[in-house]
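S.K.:
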Amino acid sequence: MSEQNVIGKGTWIDKLASELIEREEQLGRDTSLIRVESGLGASGIPHIGSLGDAVRAYGVKLALENMGYKSELIAYSDDLDGLRKIPAGFPDSLEEHIGKPVSLIPDHTGEHESYGMNMSSRLLDGLEKLGIEYTFKRARDTYKEGLLQEQIHTILTQSERIGAKIEDLVGQEKYQKFLPYFPVCAQCNRLYVAEATEYLSDERKVRYKCHDAEIGGKIIKGCGHEGEADIKKDLGKLAWKVEFAARWSAFDIRFEAYGKDIMDSVKVNDWVADDVLNFPHPHHIKYEMFLDKGGKKISKSLGNVVTSQTWLKFGTPESILLLLYKRITGARELGFEDIPSLMDEYNELEKIFFGKIKIDNEAKLVKSKGLYEYVNLLTPPKQIPAQVSYRLLLELCKIFKEDRVPRINKKLIDYHAIKETSAEIDKLIEMAGNFADEFDISDEIDIDVDSKVKGALSKLVILLEKDEEIEDLQNEIYQIAKGDDIEPKDFFKVLYQIILSTTRGPKIGPFILDIGKKNVAEKIGKYVN
RNA sequence: GGGUCUAUGGCGCAGCCAGGUAGCGCACCGGACUCUUAAUCCGGUUGUCGAGGGUUCGAAUCCCUCUAGACCCGCCA
């Protein structure tokens with residue numbers, strides 16, 4: 001490693017960007033503007049993984065710019081895709097729209113132009129909150145304006161060859177029989193039901209017949225309409241197996257990341273780009289999908305969808321960016337419970353970046369600093385901001401449920417964790433508080449209170465209700481336990497269970513004074529009677 | 001049928017994609033502090049890095065084979 005030259009900022013992103021440039025130079029292509037693309041699904045609720053595609057592409061754009069190239073990120077919404085199933089929590093009234101392009105389905109909330117834009121805007125909103133800049137394009141406009149017509153024409157005239165190759169590459173026979181183009185039926189507005197059988201090359205029209213089709217395990221009735229779709233302006237779209245290639249060629253895309261679930265499609269598209277459209281396919285990187293945590297349900301009603309909107313209630317944008325930039329391979333199960341460690345990992349990177357933590361291994365140091373820079377979208381702060389351990393905040397939030405922000409701020413200052421309050425710290429406390437409230441629902445264990453313990457508890461209540469300064473509450477509690485012949489250990493445990501719903505906690509004497517004697521007396525009182 | 005990922009102390013994981021002293025959390029053990037609890041702090045133990053081969057001065061890391069598990073594709077997007 002010592003002999004190695006560090007590329008860019010030493011991360012996988014830099015390495016990828018440099019491979020990309022090298023490839024472009026070998027191909028002899030113009031590198032005055034290198035476009036990268038990210039596809040945005042518009043048919044379901046976008047989760048962190050959907051963001052990942054765009055965020056990582058943006059990282060590559062940053063790396064390219066850092067290396068002195070001009071670059072642009074195209075965020076392309078697949079809003080001509082048909083709706084296949086209704087996402088959890090959406091009204092059944094969408095049923096009648098199954099099979100229609102999502103951009104033609106009304107938005108049930110009325111806030112967006114269409115169902116598709118509703119979904120897209122959630123994703124775009126997530127990107128904006130992370131500070132990702134992009135050029136937005138939509139499938140609907142792309143087809144309406146005929147931007148892909150040359151590519152469509154070429155593909156359709158070679159459909160036989162393509163159909164055979166698809167079978168060869170991925171074993172799918174369908175396109176030997178049908179054209180890889182799905183018209184939207186002019187009569188019932190649905191995709192997939194209209195099967196394209198013939199391409200009228202001279203007129204650039206596709207002849208189709210609308211009939212029953214199976215979508216998502218359900219039979220969708222076709223309307224029987226027979227018609228022709230004009231590839232220059234009518235609605236309809238290429239099948240995914242060939243659509244990327246058309247887009248790459250039309251928009252001059254040089255890089256696109258993809259999830260392993262569409263590996264096969266990418267394989268076919270690469271071939272189509274290279275051999276049919278004569279456009280050397282973009283450089284790729286494949287990433288693993290994020291999976292829901294197995295067995296651990298987060299929220300059944302929400303279907304465990306980890307959306308950026310929800311994530312940002314608990315963690316900073318940087319925590320999402322860290323998750324997505326720290327590595328590209330081997331992503332596994334993901335859930336909100338990863339937030340605390342990501343938050344603290346970010347703090348650690350920050351300390352490394354500002355030289356507060358020493359790292360011996362030069363390569364690791366460079367990489368960590370680089371990662372920090374990417375997480376800050378290459379514009380890191382000039383000096384180290386005040387930081388607080390997220391886990392510490394979680395602990396404090398579990399204890400202080402009311403007046404959280406001022407009380408925790410005070411504690412933090414007592415602990416010398418911070419020097420002064422600030423809007424940033426307040427925000428962190430708020431996020432940790434949200435997290436603590438949402439996920440640290442302690443098990444409501446039945447507390448074993450026998451008569452002996454009851455007696456001791458009532459003594460404690462009496463003590464707490466006295467309106468006097470208590471000098472050494474810790475010891476008083478200890479003496480009560482001792483006096484009633486209870487193991488102090490067990491008595492403390494009961495107190496923790498009553499007050500905090502855990503079996504342990506901070507030193508109890510000062511802690512009770514902290515959260516208020518009356519408050520505690522009330523809580524304990526419930527167990528005495 | 002095709003493909004991808006994962007395998008690292010008791011448990012959960014990081015490190016791997018740019019080879020250079022095997023790390024973290026929990027658990028565990030010891031100590032400090034506390035009039036004896038808990039918490040806290042300090043220190044410590046825990047590993048044939050799934051198996052086998054290869055490359056290398058050097059492999060958890062790169063290559064090949066194998067084993068086990070998870071997932072994806074073979075509807076559609």
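Just so we're aligned, residue 1 is where the first sequence starts under the numbering used here, counting upward by one.
By construction, the Cβ of each residue, glycine as well, lies at the ideal position given by its N, Cα and C atoms.
Nothing here was measured: the structure is a model prediction, and the numbers come from that model.
1) Would you call the stretch 345-365 and the stretch 80-89 touching, i.e. three or more CB-CB distances under 8 Å?
2) Using 10 angstroms around the beta-carbon of residue 475, count the other beta-carbons present and answer buried if the total reaches 16, otherwise exposed.
3) Using CA coordinates, which residue listed in 185, 386 and 40 is at the minimum distance from residue 417?
4) Under a Cβ-count criterion, where at least 16 other Cβ atoms within 10 Å of its own Cβ denotes burial, should residue 200 be classed as buried or exposed?
5) If I'm right that residue 477 touches residue 460 with Cβ under 8 Å, what's the distance once you round it to whole angstroms?
6) Helix, strand or coil: how does DSSP classify residue 496 here?
7) In three-state terms, what does DSSP make of residue 397?
8) Hey, would you say residue 272 sits closer than 8 Å to residue 155, going by beta carbons?
9) Considering only residues of the same chain and omitting the five flanking positions on each side of residue 2, which have a CB-CB separation below 6 Å?
10) Which value, in whole angstroms, describes the spacing of the CA atoms of residue 438 and residue 403?
11) Applying the 10 Å Cβ sphere with the 16-neighbour rule, what's the burial state of residue 294?
12) Could you tell me how far apart the beta carbons of residue 255 and residue 57 are, in whole angstroms, since I believe they sit closer than 8 Å?
13) According to the Cβ coordinates, are residue 353 and residue 434 closer than 8 Å?
14) Measure the Cβ-Cβ separation of residue 212 and residue 222 and say whether it is below 8 Å.
15) Buried or exposed: which applies to residue 78, given that a residue is buried once 16 or more other Cβ atoms fall within 10 Å of its Cβ?
16) In chain order, what residues of the same chain lie with their CB nearer than 6 Å to the CB of residue 131, ignoring the 5 residues before and after it?
17) Would you kindly work out how many angstroms separate the C-alpha atoms of residue 43 and residue 75, rounded to a whole number?
18) If you follow the beta strand (DSSP E) that residue 36 is part of, which residue opens it and which one closes it?
19) Which residue's Cα is closest to the Cα of residue 535: 126, 397 and 498?
20) Starting from residue 142, trace the alpha helix (DSSP H) both ways and give me its first and last residue.
21) Is it the case that the stretch 256-272 contacts the stretch 190-208, given that we only count it when at least three CB pairs across the two stretches are under 8 Å?
22) Tell me the DSSP secondary structure of residue 406 in three-state form.
23) Spatial neighbours of residue 144 within its chain, please: CB distance less than 8 Å, with the 5 preceding and 5 following residues excluded, ordered by chain position.
24) Just curious, the alpha helix (DSSP H) that residue 215 is in, first and last residue?
25) Which of the three DSSP states is assigned to residue 219 in this structure?
26) Considering only residues of the same chain and omitting the five flanking positions on each side of residue 522, which have a CB-CB separation below 8 Å?
27) Taking Cβ positions, are residue 375 and residue 318 nearer each other than 8 Å?
28) Whether or not the stretch 162-172 and the stretch 181-188 are in contact is what I'm after, with contact meaning three or more pairs of Cβ atoms, one per stretch, closer than 8 Å; do they touch?
29) Below 8 Å on the Cβ atoms is my guess for residue 67 versus residue 10; work out the distance and round it to an integer in Å.
30) Around the C-beta of residue 473, are 16 or more other C-beta atoms found within 10 angstroms, so that it is buried, or is it exposed?
31) For the alpha helix (DSSP H) containing residue 27, name the first residue and the last one.
32) Checking 8 Å against the spacing of the C-beta atoms, do residue 116 and residue 215 come in under that value?
33) Could you name the residues that DSSP lists as bridge partners for residue 286?
34) Assuming contact is defined by CB atoms lying nearer than 8 Å, are residue 140 and residue 80 in contact in what I supplied?
35) Quick check: what's the CA-CA separation for residue 299 versus residue 436?
36) In chain order, what residues of the same chain have a beta carbon less than 7 Å from the beta carbon of residue 263, not counting five sequence neighbours either side?
M.R.: In brief:
1) No: fewer than three Cβ pairs fall under 8 Å.
2) Only exposed fits residue 475, as fewer than 16 other CB atoms lie within 10 angstroms of its CB.
3) Nearest in C-alpha terms to residue 417, of all of 185, 386 and 40, is 386.
4) So residue 200 ends up on the exposed side.
5) Sure, about 6 Å apart at Cβ, within 8 Å.
6) In the structure shown, residue 496 sits in a helix (DSSP, three-state: H, G or I).
7) Note: residue 397 maps to helix in three-state DSSP.
8) Residue 272 is a Cβ neighbour of residue 155, given a cutoff of 8 Å.
9) With a pLDDT of 35 at residue 2, under the threshold of 50, the modelled position of that residue is not reliable, and the figure given next carries that caveat. No residues qualify anywhere along the chain.
10) If I take the Cα positions, the gap works out to 17 Å.
11) With a pLDDT of 47 at residue 294, under the threshold of 50, the modelled position of this residue cannot be trusted; read the value that follows with caution. Answer is exposed; the Cβ neighbour count stays below 16.
12) In this structure residue 255 is in contact with residue 57, their Cβ atoms being roughly 7 Å apart against a cut-off of 8 Å.
13) No, they are not a contact pair.
14) Cβ distance < 8 Å, so residue 212 and residue 222 count as in contact.
15) By the Cβ neighbour-count rule, residue 78 is buried, with 16 or more other Cβ atoms within 10 Å of its own.
16) Cβ within range, chain order: 377.
17) CA-to-CA, the gap between residue 43 and residue 75 works out to about 15 Å.
18) Counted as a single uninterrupted DSSP element, the beta strand (DSSP E) harbouring residue 36 occupies residues 34-41.
19) Missing from the structure shown is residue 535; the chain here goes from 1 to 529 and no further.
20) For residue 142, the uninterrupted alpha helix (DSSP H) run begins and ends at 139-144, by DSSP.
21) Judged by Cβ distances under 8 Å, the stretch 190-208 makes no contact with the stretch 256-272, as fewer than three pairs qualify.
22) It is helical.
23) For residue 144, same chain residues with a beta-carbon under 8 Å away, outside a window of 5 residues either side, are 233 and 235 in chain order.
24) For residue 215, there is no enclosing alpha helix (DSSP H); the residue is found in the beta strand (DSSP E) stretching over 213-215.
25) Here residue 219 sits in strand by DSSP.
26) Around residue 522: no qualifying Cβ.
27) In contact: residue 375 and residue 318 (Cβ atoms closer than 8 Å).
28) Inter-segment contact for the stretch 181-188 and the stretch 162-172 is absent: fewer than three beta-carbon pairs are separated by less than 8 Å.
29) Contact check for residue 67 and residue 10: beta-carbon distance about 13 Å, past the 8 Å limit, so the pair fails to qualify.
30) With 16 or more Cβ atoms within 10 Å of its Cβ, residue 473 is classed as buried.
31) Counting along the chain, the alpha helix (DSSP H) containing residue 27 begins and ends at 12-27.
32) No.
33) As DSSP reads the structure, residue 286 sits in a beta bridge with 258.
34) Yes, Cβ-Cβ distance for residue 140 and residue 80 is below 8 Å.
35) Confidence in residue 299 is poor, its pLDDT being 38 and thus under 50, which makes the residue's placement too unreliable to answer from.
36) When the five nearest sequence neighbours on each side are left out, the beta carbons in the same chain lying within less than 7 Å of the beta carbon of residue 263 are those of 286, in order along the chain.
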